[in-house]
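Residue numbers (my numbering): 1 to 295.
As structure tokens, the structure follows; a few thoughts come after it.
See below:
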């Protein structure tokens, strides 16, 4: 008699079942829903997958409550493993019930999160994420990557409140959003920092000037124009306003960076161990808001 497909899977050793699950994750870019699909093939496959905690340590939280339910499933199944969380909010969460569900799921994972990637597009999403980061304890967080892609949001409220409760950050990447001016951060172990901006939004010097000096262990710094040229408000007023002592810095990269900012930044920089300055200039001549040519 010909075996059915489930019967064939039941005959597989647990190691091969797990290999199938891992291959499925790799092909989908670690979409945890694929782990669920594999676990539903047979009871044997389910037992192998459910009892392998590292398969459940990385998942995405988005707007739909289905992702929150999946997140609440992943947290206990991941055992004692550290967590790698992706927040993807490309549309605003309008209903308070949905925001509360999202927040509760994040809080349940927070004690074990070591890496957090955030992709948001709406001011309300920025507010939600900023509130969580400033109020929820993230004792194991080491790496945060935040990208705010919004071309119309202007003003002083375009900032993120970085974790201030016990987080021991080693790597920070901020694109399209700045830190709150005069915020208090634990940056003593930070070794890598990426700051990205573009034509539709500028960093404030006071944010950079009060943020960078706290990173006394910083070894590499990237200042990049991701969506247009990187520049700040009043680029040429950096001089003498905020000294930049970075005693551990060895590598700095400027890409598509406004010349006015670049020159004033380097004049204030005090980095005795600096070995490499990597500069890539804007590809075309550019002009400021008054129409004057600046490069």
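Just so you know, even glycine gets a beta-carbon here, dropped at the ideal spot from N, CA and C.
Please read these numbers as outputs of a predicted model, since none were measured by experiment.
| said: Taking the beta strand (DSSP E) that residue 225 belongs to, which residues open and close that run? | reply: Run containing residue 225: 220 to 227, per the beta strand (DSSP E) assignment.
| said: Could you pull the DSSP bridge partners for residue 270 from this structure? | reply: Residue 270 has 245 as its beta-bridge partners, per DSSP.
| In whole angstroms, what is the alpha-carbon distance linking residue 272 and residue 248? | Whole-angstrom Cα-Cα distance: 8 Å.
| Does the separation of the CB atoms of residue 185 and residue 162 fall below 8 Å? | Yes, they are a contact pair.
| said: Please return the same chain residues whose Cβ sits closer than 6 Å to the Cβ of residue 19, not counting the five positions on each side in sequence. | reply: For residue 19, there are no CB contacts under 6 Å within the same chain when 5 residues up- and downstream are skipped.
| query | Could you give the uninterrupted runs of the alpha helix (DSSP H) lying entirely in the stretch 114 to 152, keeping only those of 4 residues or more? | reply | Entirely contained in the stretch 114 to 152, the alpha helix (DSSP H) runs reaching 4 residues are, in chain order, 123 to 135.
| message | Using only CA atoms, which one of 110, 187, 93 lies nearest to residue 136? | response | Looking at the Cα atoms, 110 is the closest of the given residues.
| task | Indicate whether residue 160 and residue 116 have their beta-carbon atoms separated by less than 8 Å. | result | With contacts defined as CB atoms closer than 8 Å, residue 160 and residue 116 fail to qualify as a contacting pair.
| For residue 48, does the count of other Cβ atoms within 10 angstroms reach 16, so buried, or fall short, so exposed? | Answer is buried; the Cβ neighbour count reaches 16.
| message | What does the Cβ neighbour count give for residue 256, buried or exposed, with the cut at 16 atoms within 10 Å? | response | Counting every other CB atom within 10 Å of its CB across the protein chains shown gives residue 256 a total of 16 or more, marking it as buried.
| request: Leaving out five residues on either side along the sequence, give the residues of the same chain with a beta carbon under 6 Å from the beta carbon of residue 62. | output: Contacts found: 88.
| task | Ignore the nearest five residues each way along the sequence and tell me which others in residue 79's own chain have a CB closer than 7 Å to its CB. | result | Only 53 meet the Cβ criterion.
| task | Look at the Cβ atom of residue 57, then the Cβ atom of residue 25, and state whether they are nearer than 8 Å. | result | In this structure, residue 57 lies away from residue 25, with their beta-carbon atoms at least 8 Å apart.
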